[in-house]
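Colleague:
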Amino acid sequence: VTTLPNSLVGNTVPRQRMRKRAKVLSLAKRILRIKKECPTLQRKEPPPSLLEADLTEFDVKNSHLPSEVLYMLKNVRVLGHFEKPLFLELCKHMFFVQLHEGEYIFRPGQLDNSIYVVQDGKLEVCIQESDGTEVVVKEVLAGDSVHSLLSILDVITGHPAPYKTVSARAASPSTILRLPASAFQDVFQKYPETLVRVVQIIMVRLQRVTFLALHNYLGLTTELFSCQSQGSPLISVSSVTAGGNAGKAGKRQTPSALEEDRGEKFEKSGEALEMDMLRIPGAENSEHVFRRSLSSPPYAGSTEASNNSSGAKSDMDMAYERARVHLAPEDAAGSPAVAKSILKKTVTVTETPSAVFHYSAVQDSCNSKHIDAIVEAAKKDLSTLMKLDNPALLNGKVTLHQVTAGTVLSRQGDQDVNVCFVVSGMLHVYQRKIDSEEDTCLFITHPGELVGQLAVLTGEPLIFTIKANRDCSFLSISKSHFYEIMREQPSVVLGVAHTVVKRMSPFVRQIDFALDWMEVEAGRAVYRQGDKSDCTYIVLNGRLRSVLRMDDGKKHLTGEYGRGDLIGVVEALTHQPRATTVHAVRDSELAKLPEGALISIKRKFPQVVTRLIHLLGEKILGSLQQGGHPLGLHSSSSKWDAGNPASNLSTVAIMPVSEEVPLTAFTLELKHALSAVGPALLLTSDNIKQRLGSAALDSIHEYRLTSWLGQQEDIHRIVLYQADSTLTPWTQRCIRQADCILIVGLGDQEPSVGELERMLENTAVRAQKQLVLLHKEDGPLPSRTVEWLNMRSWCSAHLHIHCPRRVFSKRSLPKLVEMYERVFQKAPDRHSDFSRLARVLTGNAIALVLGGGGARGCSQVGVIRALIEAGIPVDMIGGTSIGAFMSALYAEERSYNQMRIKARQWAMVMNSVFKTILDLTYPITSMFSGAAFNNSINNIFKDKQIEDLWIPYFTITTDITASAMRVHRDGSLWRYVRASMSLSGYMPPLCDPKDGHLLMDGGYINNLPADVARSMGAKVVIAIDVGSRDETDLTNYGDCLSGWWLLWKRWNPLAEKVKV
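Here our numbering is used: the first residue of the sequence shown is 19, the next is one more, and so on.
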């Protein structure tokens, strides 16, 4: 008992002593003016690997493969990444052709059935115009090929056709490799599963490359499709409807016969199409089937598993995945919203009230027999069209729908599409024009034709709207059922693909020879500054960076391009040399549209020229508004040259600084936040092995893994790659795939560089790095960020993240995943720091910019309150003058109440007349010495550094030494806030501690820096202007002005007031 008081006393005495000691020390510091200087951020240049392309081009010399095999591999790679045995099988079929100059390798009239690859020399591909002249649309150099994927598809489907207008001749003596497309047929007989994938890839390329280039960029619509009817005659249906009297009369009776049944059975109810009515029998069960296909050994009992050692994914599964037929259980949990929308049938869009009649339910009617007969007959016709060996495959998978005039079946952009086979009536297909709001009719689907099959095969969104302008009946197969039929009999895909190819206009067939699909490896230059411009590129996936080399040899990053962006448009159209060097940040796929093809299109469809003028106009206007180069070559404003490097990221690699970082919890939390932006996928080495087999990361499966990862990028808005904690093959793969690398550290630990990062420094990493520091809920405030940044090479940005408690909970992996499955049920909180990170990564950041305006700036406190009440998050904040002060308060506190208290406290100090008078000085540079003002700001912000603020922050000052605007994003907070508030004549300019430049109030140069926030990557900028309205009707007082005269005018009540 006796020890208790002593121990208490023992504790209290030193505490009081400590307080006294601290006071004495601070006094001594004040008297002696000892200041502990914070370290400053060292300026770092981006590493050369970020700005320079490798010099080596496609390397034939150093490869151990013969050049012909290499070239063939490079060109056939497009057709899906064949495994080795398949590729070698193909190589057996190729042979050499020698050509003299001017000799033709093929001409119109010969059968179009081969892929030609140039071994050396040069080919010219020509198109015969309607007036008989030949136009060169593309030059083919060594290593490139001449082929049309559509023609290959024709050969595979057994409908080879002759060349109609395309010919190719040697421009110089050449050696050509020829691979007959029939070789593919032999391969497919051995490996039928690859068939579906190859056809699918050709379809995806057709939809992506050809349509993206010709529709989105050149604005063509109807020109891409042929509108002749291609229906197979409905033999069985017509025999049923005419009661055995097959013929035209019978066909004409169909709609009327159905009309009568309908009149008896239903009153036309005005209700819109009900979702449940469209529930296809068995659809509920089908969902489970797909779910099962994802458990680790694919279809354990089936033959695929036995063929594929190590449980690697079969081609059919890949095709399934590409077409988004199912949702993996973990994805379904991760994005409930997406899961719902994909499973929901999006057919419920009606423009005029209509009823849909679902005949499989009508058992009691005497007409149902007649209808069943029609369904059976239509099934028979459909199975002949699809070349089904066993028509019973359609049972339970097909439903007959009848719709009234005016019903819209599916809209452009729908994800979940059915294949429709028209039985009677017709379906009109419309497409939205690029520049206007109107729709044009592309073609009409007549009885006996399929529609919607392209979207079902590729898994891409629908590129047109399908609408019934007249009453129409059709058979419908849902996407999932269609894939089940294909699993049973892969060759079905051929019949269906052939119907798609027949729909293409002859023009698309010609252009297909001219368009190229390129693969660029990481670090390779697509073109270099000063090269001749002879084509335009479209990014299909991957990431490219454009770099401008200045006259003094310095390099500047001018922009980055992601999926769907166009590159080199302006130079190609204006025939100027390339303005920048563009290289691949990671392995990328591009479509290449040669200049010759463009000229040929312009000649054929003059309306393309207006579209191109429109594009150029947008670009030039955009750059003028930014005050850039008039041709927009270096501007980064228009949508063709996305200047904000952070936007349009498709892949993010996440690496820990040390073992202690709760990386799994962090990535799950981030995935949850990203689900608000779009479908996100999280990949770790474990779930890759689970999905693709344990050997998935071996070099043998390189192509398959690459193509699978590429597919995932197409399907998801963003893919997160979670690295292992050491440099494993998976970590290397993550770095190779990344558009951006997040380095995650713990904010409350000693700043350090992780083992993994050290290894990174030695390799040339092209992706941008961002530092993310995690902070516990009740932990200390962020500090020492400068040290974290100084010990690393260049980082493009850093973020502090305030983590909920669950991130640091010590749970085992299964428990953690289980907990996050519960978290995923709830919508993410848009104000959380993870949501901020998600918005920054996807280029959707919201910036708040506060302008200068003296005491009026106090109203900005209320603005922030209004934003909070409206639920608008702030991801980045900055300002000028009083705006710099208010935004710094919010960035530090992140709470309206704290900010209001501090702002009020500061305003009270500023109002003190006594302190103001004490601060007066002999006015050589200014009226006040600035000491009291400095003190007031220093008391609010203490020694805070800008890097330690919760929200990314910037402030603007006017640098009078260099006569320029300065943007401060690091350094001592109170100093730069004070510099931004230093009105000339009142306060002396502040000396910048970094370079000694004199800094003045930012309001002189940029009072509302919304443009700065935009250039820092904000998508939405909310700018608050509290500047004064300037008087414009001032008195004209002549050439000189006397103060005495002014004084007299002011004091004399009778005199007219003077405004100066």
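Glycine included, every Cβ here is placed at the ideal spot set by N, Cα and C. Since the model is a prediction, treat every value here as computed from it, not as a measurement.
Considering only the alpha carbon of each residue, which of I170, D851, T183 and V565 lies closest to S200?
Modeller: I170
Colleague: In the DSSP assignment, what are the bridge partners of G897?
Modeller: L868 and T973
Colleague: Would the segment 1037 to 1048 count as touching the segment 994 to 1013 if we require 3 or more Cβ pairs under 8 Å?
Modeller: Taking 8 Å as the limit for Cβ pairs, the verdict is that the segment 994 to 1013 does not touch the segment 1037 to 1048.
Colleague: Indicate whether Q528 and D407 have their beta-carbon atoms separated by less than 8 Å.
Modeller: No. Outside cutoff.
Colleague: Going by DSSP, what residue range makes up the alpha helix (DSSP H) through A395?
Modeller: S386 to L403
Colleague: Taking all protein chains shown into account, decide if W924 is buried (16 or more other Cβ within 10 angstroms of its Cβ) or exposed.
Modeller: Buried, since its Cβ has 16 or more Cβ neighbours within 10 Å.
Colleague: Quick one: Cα of L224 to Cα of V511, how far?
Modeller: 15 Å
Colleague: By the three-class DSSP mapping on this structure, what secondary structure does E839 have?
Modeller: helix
Colleague: Can you tell me the Cβ-Cβ gap for H734 and D766, rounded? I've got them flagged as a contact below 8 Å.
Modeller: The Cβ separation is near 33 Å, so there is no contact.
Colleague: Please report the Cβ distance between A694 and I736, rounded to the nearest whole angstrom; I am assuming they are in contact, meaning their Cβ atoms lie under 8 Å.
Modeller: About 12 Å; that fails the 8 Å criterion.
Colleague: May I have the straight-line CA-CA distance separating T592 from C553, to the nearest angstrom?
Modeller: 11 Å
Colleague: Find the nearest neighbour of P1011 within the set L1026, P1027, M504 and L991, judged by alpha-carbon distance.
Modeller: L991
Colleague: L936 by DSSP, collapsed to three states: which one?
Modeller: helix
Colleague: Curious, which full-length alpha helix (DSSP H) runs of at least 4 residues does the segment 131 to 183 contain?
Modeller: 167 to 174
Colleague: Could you tell me which of F202, D172 and E773 sits nearest to K520, measuring between CA atoms?
Modeller: Closest option to K520, Cα to Cα, is D172.
Colleague: Taking the alpha-carbon positions, what's the I484 to L639 distance?
Modeller: Rounded to the nearest angstrom, the two C-alpha atoms are 36 Å apart.
Colleague: Look at the alpha carbon of D149 and the alpha carbon of K622, and state the distance between them as a whole number of angstroms.
Modeller: Approximately 11 Å between the Cα atoms of the pair.
Colleague: From which residue to which residue does the beta strand (DSSP E) around L575 run?
Modeller: DSSP places L575 inside the beta strand (DSSP E), whose first and last residues are K573 to Y579.
Colleague: Among all the DSSP beta bridges, which residues are the ones paired with P674?
Modeller: V762
Colleague: For K156 versus V143, is the C-beta distance shorter than 8 Å?
Modeller: Yes, they are a contact pair.
Colleague: Note down, in chain order, each residue of its chain lying with its Cβ closer than 7 Å to the Cβ of S401, except the 5 sequence neighbours on either side.
Modeller: P409 and L412
Colleague: Three or more C-beta pairs under 8 Å: does that hold for the segment 1020 to 1028 against the segment 851 to 859?
Modeller: Inter-segment contact for the segment 1020 to 1028 and the segment 851 to 859 is absent: fewer than three beta-carbon pairs are separated by less than 8 Å.
Colleague: Cβ of R566 within 8 Å of Cβ of H574?
Modeller: Residue identity check: residue 566 is Leu in the sequence provided, not Arg. Yes, Cβ-Cβ distance for L566 and H574 is below 8 Å.
Colleague: Quick one, are the C-beta atoms of H601 and V544 less than 8 Å apart?
Modeller: yes
Colleague: Can you tell me the Cα-Cα spacing of E147 and P612, whole angstroms?
Modeller: 17 Å
Colleague: Quick one, are the C-beta atoms of I900 and G870 less than 8 Å apart?
Modeller: yes
Colleague: Since S729 and T476 should fall inside the 8 Å C-beta cutoff, what is the C-beta to C-beta distance between them, to a whole number of angstroms?
Modeller: Note on residue identity: the sequence assigns Gln, not Ser, to residue 729. Incorrect: roughly 11 Å between the Cβ atoms, too far for contact.
Colleague: Quick check on F684: does DSSP put it in helix, strand or coil?
Modeller: helix
Colleague: Could you confirm whether any beta carbon from chain C is found closer than 8 Å to the beta carbon of H793?
Modeller: Reference to chain C is not applicable here, since this structure consists of a single protein chain.
Colleague: Who are the Cβ neighbours of K405 in its own chain at under 6 Å, not counting the five residues just before and after it?
Modeller: G513
Colleague: Need the endpoints of the beta strand (DSSP E) that Q788 sits in, please.
Modeller: Q786 to H793
Colleague: Evaluate contact between the segment 493 to 502 and the segment 410 to 430, counting only Cβ atoms and requiring at least three cross-stretch pairs below 8 Å.
Modeller: yes
Colleague: According to the neighbour-count rule (16 or more other Cβ atoms, all chains shown, within 10 Å of its Cβ), is S930 buried or exposed?
Modeller: Answer is exposed; the Cβ neighbour count stays below 16.
Colleague: Check whether the segment 934 to 945 and the segment 913 to 920 are in contact - that is, three or more C-beta pairs closer than 8 Å.
Modeller: no
Colleague: Can you tell me which of A845, E773, K689 and P524 puts its alpha carbon nearest to the alpha carbon of I619?
Modeller: Residue P524 is the option with its Cα nearest to I619.
Colleague: So what does DSSP say about S190, is it helix, strand or coil?
Modeller: strand
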